[in-house]
Every structure is written in C-alpha cells, then in structure tokens.
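There are 2 protein chains.
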Amino acid sequence: MNRTKLTPLDAAFVQLESPGVPMHVAGLMIFEPPAKGGADFVRTLVSDWRKETRIAAPWNQKLESPSRWQLAPCLKTCQDPDLEYHLRHLVLPKPGGQVELGQLVARLHSQPMDMRKLLWECYVIEGLAENRFAIYMKFHHSIVDGISASVLLMKGLSDSAKDRKTSPFWIQTAPEKPFQPASFKMPSVPAMLGAANNVLKLFGRSDSLTTLRSAPRTPLNGPIGAQRRFATQNFDMTRLKATAKTAGVSLNDVVLCLVGGTLRKYLQGITALPTESLTAAVPMSLRAEGDLSPGNSVGMIYSIIGTNVADPVLRLKKISQATNVAKQQVLGLEPEMRVPYSIASFAPAIARMLTGVSGKKKPMFNAVVSNVPGGRDDKYLRGARLLHCYPANIVFPGMATSFTCYSHAGTLNVGITACRDTVPSMQKLALGMEEALCELEHGLGLEAHANPRSLDVVEAAL
Amino acid sequence: MNRTKLTPLDAAFVQLESPGVPMHVAGLMIFEPPAKGGADFVRTLVSDWRKETRIAAPWNQKLESPSRWQLAPCLKTCQDPDLEYHLRHLVLPKPGGQVELGQLVARLHSQPMDMRKLLWECYVIEGLAENRFAIYMKFHHSIVDGISASVLLMKGLSDSAKDRKTSPFWIQTAPEKPFQPASFKMPSVPAMLGAANNVLKLFGRSDSLTTLRSAPRTPLNGPIGAQRRFATQNFDMTRLKATAKTAGVSLNDVVLCLVGGTLRKYLQGITALPTESLTAAVPMSLRAEGDLSPGNSVGMIYSIIGTNVADPVLRLKKISQATNVAKQQVLGLEPEMRVPYSIASFAPAIARMLTGVSGKKKPMFNAVVSNVPGGRDDKYLRGARLLHCYPANIVFPGMATSFTCYSHAGTLNVGITACRDTVPSMQKLALGMEEALCELEHGLGLEAHANPRSLDVVEAAL
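Top to bottom, those sequences are chains A and B. Taking the UniProt record's numbering, the leading residue of the first sequence gets 1, the next gets one more, and so forth. Taking the UniProt record's numbering, the leading residue of the second sequence gets 1, the next gets one more, and so forth.
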C-alpha cells in the first residue's frame with residue numbers, strides 16, 4: 001500500500017478541519033454545451049463517467065486516520081473507492097438562474113467533507129438557464145492549493161472543441177514534483193523554527209508597510225457561523241490590464257484596489273468603516289519553476305487595501321507601494337528559506353485557529369485576496385466550452401470573507417466566499433467591485449465601459 | 001424572550017449530537033399532484049411558502065447554546081428566522097426514479113444539522129417519475145419523537161382534496177401538553193435515579209425473555225461511518241392485519257417477525273448469522289391519553305426477533321411471547337413511574353454513546369424497530385394526495401440499522417436507515433421483508449399475494 005506523509009502545511013489543513021470551519025476549497029465551472037449537444041448531454045456525461053473504474057493519484061488517496069490531532073497525517077492509496085459517493089448529479093429548479101445556482105452552491109460549500117472518504121467531491125449540475133450546466137468540484141485543502149487544484153481541473157478539459165471523449169477528472173494524474181536540489185529538501189523542525197523566527201522579524205521591520213499588527217477590528221472579523229454564502233463577479237482581462245498599465249502597477253494591485261473599494265462602501269453602509277486601512281492576506285506561490293504538483297506551496301504576504309482612502313487612484317498607489325515592499329521581502333528569500341517562510345507566514349493564523357482565539361482577539365488581517373493564474377485559451381469538456389471558473393475558498397473565525405480570482409480565456413473570475421450570518425447582503429460585494437473598477441477607470445482618465453456580464457452575479461442571499 | 005428548559009430525554013439528543021452521529025429524524029412524503037395541478041404546481045407551492053412570514057412553536061425555537069456539554073439545554077424563541085435557509089427546493093435528475101430519489105435522500109439524511117439554526121429543514125423535491133413530488137422534512141430528535149413529528153406533519157395537510165390553500169408546516173402550532181396531575185410532574189433527580197434503579201431491576205428479572213444482556217455480536221453492531229443509506233418498503237395494512245389475526249398476535253409482532261426474517265437472510269448471506277437470536281429495541285409511547293405535544297415521551301422495550309428460528313410461524317410465536325412479557329412490565333407501571341422508566345430504558349445506551357464505548361463492546365440490542373401510528377384517512381397538500389410517508393431514523397455506533405414504520409391510509413410504510421459502509425447492499429433488507437411476509441402467510445395457510453408496490457424500493461445503493 002502506497003503511503004505518503006503530508007508536508008507540515010498540507011497537514012495543517014487536516015488539523016484545522018472542524019465542523020463549523022471546514023477546510024475545503026472548490027471550483028464552480030460554468031459550461032456552454034456544443035450546439036448539437038442533444039438534450040441528454042449532461043445525463044450521458046454523468047452516465048459515462050459512472051462507468052469509469054480507473055482512478056489516479058491524488059484522486060485515489062485518503063487519510064490514514066481522520067483525526068485532527070494526529071501529528072503527522074498520512075495519505076494512503078484507496079483500493080476500492082466508492083465513486084457513486086464522490087460523483088453526484090444535481091438539477092437546478094427553474095428558472096435555473098443565478099439565484100438558484102447561488103443558493104445551491106452556497107449549501108454545497110457549507111457542507112463539511114467526510115474526512116474518512118477520498119478528499120474530493122464532484123457535483124454535475126444541470127438545469128441552468130440558456131441550456132448551460134455547471135460542475136462544482138470540491139477538494140480538501142490538505143491535498144491541493146489554488147494552483148494544483150486548477151492544474152488538476154484543467155488537465156481534465158481539452159484544448160479542442162472537437163474532442164468529444166474527455167475522461168473524468170479523476171483519471172488525470174497530477175504532475176509529479178520536479179527534481180529538487182538536495183538543499184531544497186524538507187528542513188528539520190528546529191531549522192524551520194529558526195528560519196520562521198527570522199522571517200517573522202522580517203514582517204515586523206519598521207520600513208514595511210505591511211506588518212502583522214496593522215489590521216483594525218471590523219464586523220467581518222469576529223466569530224463566524226457554520227454556513228456560507230457565495231457570490232461571483234467577472235471582468236474583462238483587457239480592461240484590468242489597461243487600468244494596471246495606465247497606473248503603472250500590477251494587475252494584482254488593481255484587484256486589491258477593487259476589494260478595498262467594495263469593502264469601503266460595504267462597511268460605510270453598515271457604519272462600521274475603521275479610520276485605518278483594512279489589510280489583506282495575499283497568498284503568493286512559492287513553487288519552483290514548472291512545479292504543478294499537488295499539495296500546498298504557498299506563502300502569505302500582507303498588504304493594506306486602502307479602505308481609508310476615498311480617491312481610487314490614490315488608493316491604488318498606496319496599495320502598490322505596500323505590495324512592492326512585501327514582494328521584495330519574499331523574492332529576496334533564498335530557495336531554502338521558502339518552506340520556512342511559507343510555514344512562518346501561516347503559523348500565526350494557524351496557531352490562533354488551533355487555540356480557538358481566532359475571531360476573539362484583534363484580527364491579524366481583514367480578508368484573504370488571492371489570485372490563481374489560469375490559461376489564455378478556451379477549454380472544452382466534450383465540446384462544451386468552459387465559460388467561467390469561479391473559486392470558492394475557506395473562511396474562518398476572524399476572517400468571514402475571502403476573495404479568490406482565477407483568470408481564464410481573457411476574463412478574471414472572482415469567487416467571493418463569506419460566512420452566511422456575518423455577510424447577509426453579499427451581492428453588494430460583487431457589485432461593488434464593478435463600481436470600484438468604474439471609479440478607478442474614471443480617475444485614471446480611461447473610458448469606463450462596464451462589462452454586461454459583470455451583472456452575472458451568483459448570489460445566495462435574497 | 002420565551003425560554004424553555006428541555007426535559008432530560010429531549011436534552012439527551014442535544015448532548016449525543018456529534019458530526020459522525022447526528023441525532024435527527026425525518027419523514028419522506030411522496031405526493032401525487034391533482035389531475036389539473038398544472039406544470040408549475042411545485043414551483044408555485046415553494047414560491048407561496050417563501051412569502052409566508054408567520055412561524056409558530058416549536059418551529060421557531062432554537063437552542064440557546066449549541067454546546068453538547070451544557071447540562072440543561074434551553075430552547076428560545078427566534079425572533080428573525082432565516083426561512084430561506086430552512087425551506088429548500090430541489091429537483092431530481094431524470095428519470096426521477098427510486099434510485100435517484102434514494103441517492104438524494106441518503107445524502108440529505110447524512111448531513112448533520114446546524115445546531116445554531118432552527119431545528120428543522122424542509123426539502124421540496126420535484127422531478128419524480130409519474131409527475132410526483134416529495135417532501136423530505138428533517139427534525140432534530142431533541143424537539144420531536146416519532147409521534148409528535150407525525151402530528152406536526154399531518155397538521156400541515158388537509159383532509160380534503162378540495163382545500164387548495166394549505167399553509168406551510170411551520171404555521172401549524174403543536175398541541176400543548178395536556179393538563180398533568182400534580183403527581184405526574186417532572187420528578188427530582190434523586191427520585192428519578194431511584195425509580196430508574198427499580199426499573200433496571202425489572203429488566204433483569206429471570207422470567208423476562210428480554211433482558212438487556214441478550215444481544216449477540218453481528219457485523220451490524222460495530223463502529224459506523226458518517227454516511228447513511230435509506231431504503232423503503234410498504235405493505236397493505238389488510239394483509240398485515242389478516243396475518244396478525246390468524247396468528248393471534250399483535251401487528252407489531254408481525255413487523256418484528258418480518259425484520260427478524262430479513263435480518264436472518266441478510267446475515268446468512270454474509271455468513272454472519274449468530275446462533276442466538278438478535279434482539280430489537282422497540283420504542284413504546286408513554287404519552288398520556290391525548291398528549292400530542294412536541295418533545296420525547298417514549299420508553300424502550302427489548303425483544304428477541306427470532307433470527308435463529310427458520311420457521312416463520314414459530315418465530316412469530318416466540319416474538320409474541322417475548323413482547324407480551326415486556327409490555328406487561330411497562331403497562332404495569334404507575335403513571336409517575338413512566339418518566340423514570342423512559343429515562344432508565346434509554347440510559348444505558350445513552351451512557352455508552354457519551355462515553356464512546358458504543359460499537360466497541362458487546363451490543364445491548366441489534367436493531368431499533370419502531371412503529372408510529374398514523375391515520376386511516378387520505379391527506380392532501382393543496383389537492384396533492386399523500387401516497388406514502390416513510391420515516392428516516394437515527395443510527396449510531398453499535399446499531400448500524402434502524403427499521404421505522406408509519407401507518408397511513410391503509411398502508412404500512414417502512415423506512416430503513418443504515419450506515420452506508422456497514423450495510424452496502426441494503427436493497428436486500430427491503431426486499432427481504434416482503435419475502436418474509438410471503439413465507440409467514442404461507443406458513444399460516446393464508447394466500448400470499450405480494451403487493452406490486454412492495455417493489456417500490458427507494459434505494460441509494462447501486
């Protein structure tokens with residue numbers, strides 16, 4: 001039997017799993033069936049996939065023991081996977097619009113995974129308006145980070161609309177970890193702690209705009225309930241790139257500025273806007289070139305998001321200054337410092353969650369904003385074109401809302417995950433990002449031309 | 001704010017709740033819409049119900065704190081219930097047959113309730129074959145037992161097919177507890193413990209065929225997983241009554257005999273039939289005449305089910321002898337002994353679950369078999385006739401399968417709930433009950449005429 005020890009960061013997501021704070025991520029993919037797909041397109045897809053008996057790693061791996069207190073959790077290869085459990089066929093009630101889809105996805109994302117089963121679930125959802133269908137694909141964070149999840153999903157799609165025989169996702173093998181030089185292998189625990197200590201000192205440097213002590217209290221940073229909401233937004237990539245180019249900043253800075261803008265309005269609306277800026281934790285890939293293997297290889301940088309700045313252009317400038325300092329800190333790291341950095345950057349949040357103080361003390365940051373780069377080209381599932389892929393993320397006590405972006409075929413798809421009780425009117429966050437972009441474009445002297453699809457908001461809140 | 005302390009037995013179901021062993025029960029109701037119901041019958045029903053803002057007790061009550069360790073949990077009236085959360089509209093994929101319905105219901109029944117919300121969930125499910133629809137209604141056992149759950153559901157239906165304006169279930173108020181004589185009020189803890197001790201001595205009397213020490217080990221009585229399966233079966237009441245009358249036993253004895261027969265064959269099939277008889281815990285209502293109030297008012301009797309007896313008529317005779325002794329013990333109790341009896345009869349199982357030894361030690365009983373009496377007359381929801389109402393019950397470590405019956409309009413509806421991993425081929429249990437009845441009828445010289453609907457088996461296992 002194949003048996004793999006989880007890395008410390010992968011293992012942390014097993015240890016953090018709890019009934020009210022599950023540690024799974026998901027992708028919501030929206031497909032447009034081929035013109036001559038037939039009325040039974042989705043039913044045939046599910047029925048063909050059910051017949052498939054093969055399964056590849058990491059799809060066939062389950063936890064040796066689901067206990068969160070196990071110090072070194074292991075994955076073992078499952079000999080007899082219960083695929084009927086993992087592949088589920090659902091139908092939306094009519095009219096199959098964004099309200100119905102949003103309600104369903106919010107419920108699916110609220111349900112904890114059974115940690116004794118394989119660590120993924122695939123929901124094929126038919127009945128969307130305009131004859132579309134969706135796939136909601138759930139992974140436990142202990143086996144994937146954003147990059148490896150998207151690699152696994154995109155491997156299951158085809159570059160050609162003519163390829164009508166795409167195999168199920170779970171046949172696709174994950175890329176292996178590339179050859180690692182000896183100096184890059186997992187350091188010992190004392191070495192990691194020492195390195196982590198150095199990294200933490202780095203965070204606290206007085207010239208850094210992004211220390212871990214700068215997050216103000218807001219209603220988004222208290223205790224949370226077990227239920228989730230999910231909303232989506234999408235932007236034309238050309239629009240975002242033109243904005244970034246004109247302002248001389250990165251595309252990630254523009255996204256942070258849109259999040260800052262929408263959170264500023266949202267908190268103003270409930271008269272809870274702090275005088276100092278909210279901060280965001282921004283996961284940054286620490287993968288070596290070409291490493292698309294499963295598991296987590298990510299570190300956090302922390303940045304202000306300018307919620308205290310009314311002028312969108314000035315907000316963007318301040319954000320860009322902050323992220324440049326943080327990025328230089330990370331880019332300056334020696335390769336062998338990357339794993340300790342990753343652990344150190346997560347460690348304070350993990351320690352807070354494990355000790356139960358999250359959501360009770362002053363927050364370390366106010367929101368997570370992450371961006372997973374996807375591909376430029378169209379992708380197809382048996383001829384059905386992938387229109388959008390929206391990531392659904394984790395939220396936890398002290399951090400009730402998370403913005404996750406995925407770029408695909410010329411659009412930036414934003415999935416906003418939040419605690420149902422903390423963020424009851426979540427549509428405002430999705431719509432607010434579009435407003436913030438219009439304001440930014442206007443401030444930069446660009447012609448603001450709102451994307452009509454930006455009103456295509458999946459929203460569970462009524 | 002209205003605040004009610006839970007009775008000790010109601011509170012036990014809060015304290016026993018855990019992620020892998022949730023303590024909810026449910027009813028799966030199958031409806032046939034009126035001939036001229038229109039294509040939008042179900043959609044209009046859901047949309048009308050969503051507009052309703054009123055809500056009555058016990059539907060509007062939530063736990064003051066969802067902690068399982070609270071010694072005396074309280075219910076409080078919720079001022080602002082999140083009804084969009086509690087009413088859910090689902091659609092079955094085509095062909096909407098028993099396989100699709102069984103898979104969906106099994107998944108719904110596997111999902112733990114959010115103990116911070118109101119303690120019920122209502123799923124309206126359309127897309128069943130023959131234009132039917134279903135309602136899966138979930139309650140936490142801390143607010144209802146079988147009788148009070150069925151009373152609440154049936155109050156939401158109408159006696160007339162012409163009544164097209166039935167209000168949602170959660171408008172129906174639960175009957176109040178009838179006037180209790182002073183001697184019947186809740187006794188003090190020491191008084192209860194003393195009485196419980198006397199009751200436990202009663203269980204151990206040498207002339208009783210049904211002591212708590214008689215259950216053999218079987219594969220159905222080990223640890224269980226978090227996922228469930230659900231299967232159904234139904235019988236013509238006239239058939240069961242004729243069988244009971246010919247044999248001179250009660251209808252409950254016949255049901256126990258069918259369970260014994262099907263478990264005998266199932267265990268033989270996996271070469272795991274013990275030489276001594278399996279035993280069943282049989283909940284028995286301890287309600288005073290006319291008491292249909294919410295909460296739990298039930299005690300357990302224990303009976304052999306004759307799995308070691310090949311001859312169905314002899315099996316039935318032995319079961320009847322055993323249940324007669326057990327029933328006399330309970331019927332002989334003074335009214336003021338009923339609450340202590342109820343607690344004492346549950347106490348050993350509850351103590352085992354709370355201490356985590358359930359499923360590890362020799363079982364106290366092998367299955368739960370319960371029968372909730374319903375009504376004789378047809379019931380309607382806006383003109384849609386209720387065809388069947390199948391109860392879905394709790395299973396727990398040491399007791400992986402539960403048979404629950406509900407009689408309605410001339411049929412006995414059996415819902416079989418089981419642990420997904422322990423009972424992978426559950427259809428056999430449902431079909432086995434029909435075979436057992438045919439054998440029994442044959443043995444008694446009755447003409448066996450299998451109900452064609454008895455093959456209408458909701459089954460999640462493929």
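In this text, a Cβ means the ideal position worked out from N, Cα and C, and glycines have one as well. As the structure is a prediction and not an experimental result, all values here were calculated from the model.
Listed in chain order, the beta strand (DSSP E) runs fully inside the region 246-315 of chain B are 279-285, 298-304, counting runs of at least 3 residues.
Ranked by Cα distance from residue 139 of chain A, the first of A:45, A:53, A:28, A:73 is A:28. Taking 7 Å as the threshold, the shortest C-beta distance from residue 48 of chain B to chain A does not fall below it.
Contacts with chain B (Cβ-Cβ distance below 9 Å) from the region 102-122 of chain A involve 103, 104, 107, 110, 111, 112, 114, 115, 116, 117, listed in chain order. Residue environment analysis places residue 388 of chain A among the buried positions, since at least 16 neighbouring C-beta atoms fall within 10 angstroms of its C-beta.
Put simply, the CB of residue 91 of chain B is near chain A, with a gap under 7 Å to one of its CB atoms. Taking the CA atoms as reference points, residue 123 of chain A sits about 12 Å from residue 168 of chain A. In this structure residue 215 of chain B is in contact with residue 278 of chain B, their Cβ atoms being roughly 7 Å apart against a cut-off of 8 Å. Excluding its 5 nearest sequence neighbours in each direction, residue 386 of chain B has C-beta neighbours in its own chain below 8 Å: 29, 30, 31, 157, 378, 379, 380, 408, 409, listed in chain order. Assignment of residue 41 of chain B by DSSP, reduced to helix, strand and coil, places it in the helix class.
Counted as a single uninterrupted DSSP element, the stretch harbouring residue 8 of chain B is not any beta strand (DSSP E) but the alpha helix (DSSP H) occupying residues 8-16. For residue 217 of chain A, no beta strand (DSSP E) run applies, since DSSP gives it neither H nor E. Taking 7 Å as the upper bound on Cβ-Cβ separation, chain B lies near no residue of the UniProt domain "O-acyltransferase WSD1 C-terminal" (295-440) of chain A.
Judged by DSSP in its simplified three-state form, residue 121 of chain B adopts strand. DSSP, reduced to helix, strand and coil, places residue 241 of chain B within a helical segment of the structure shown. At a cut-off of 7 Å, the C-beta of residue 134 of chain B has no neighbouring C-beta in chain A.
Contact annotation for residue 43 of chain A against chain B: 93, 94 [CB-CB distance below 8 Å, chain order].
By the neighbour-count criterion, in which a residue is buried when 16 or more other Cβ atoms sit within 10 angstroms of its Cβ, residue 238 of chain B is exposed.
Proximity of residue 26 of chain A to chain B, defined by a Cβ-Cβ separation below 7 Å, is not satisfied. Contact annotation: in the region 224-241 of chain B, residues whose CB is within less than 7 Å of a CB in chain A are 225, 226, 227. Residue environment analysis places residue 47 of chain A among the exposed positions, since fewer than 16 neighbouring C-beta atoms fall within 10 angstroms of its C-beta. By alpha-carbon distance to residue 263 of chain B, the top candidate from B:425, B:176, B:150 is B:425. Scanning its chain for C-beta atoms nearer than 8 Å, with the 5 sequence neighbours on each side dropped, one finds around residue 243 of chain B the residues 254, 437, 440, 441, 444, 446, in chain order. DSSP links residue 233 of chain A through a beta bridge to A:414. Annotation: the continuous alpha helix (DSSP H) that includes residue 433 of chain B extends over 427-443. The C-beta of residue 19 of chain B comes closer than 7 Å to at least one C-beta of chain A. In the three-state DSSP reduction, residue 99 of chain A falls in the helix class (H, G or I). Comparing C-alpha distances from residue 415 of chain B to each of B:81, B:231, B:372 shows the shortest one belongs to B:231.
For residue 152 of chain B, the enclosing alpha helix (DSSP H) starts and ends at 146-155. Boundaries of the beta strand (DSSP E) around residue 140 of chain B: 133-140.
Taking 7 Å as the cut-off, the Cβ atoms of residue 270 of chain A and residue 422 of chain A do not count as close. If you check the CB distance, residue 358 of chain B and residue 176 of chain B do not come in under 7 Å. Residue 163 of chain A is classed as exposed because its beta carbon has fewer than 16 other beta carbons within 10 Å across all chains shown. By the CB criterion at 7 Å, residue 402 of chain A and residue 9 of chain A fall outside the cutoff. Inter-segment contact for the region 360-380 of chain B and the region 390-405 of chain B is present: three or more beta-carbon pairs are separated by less than 8 Å.
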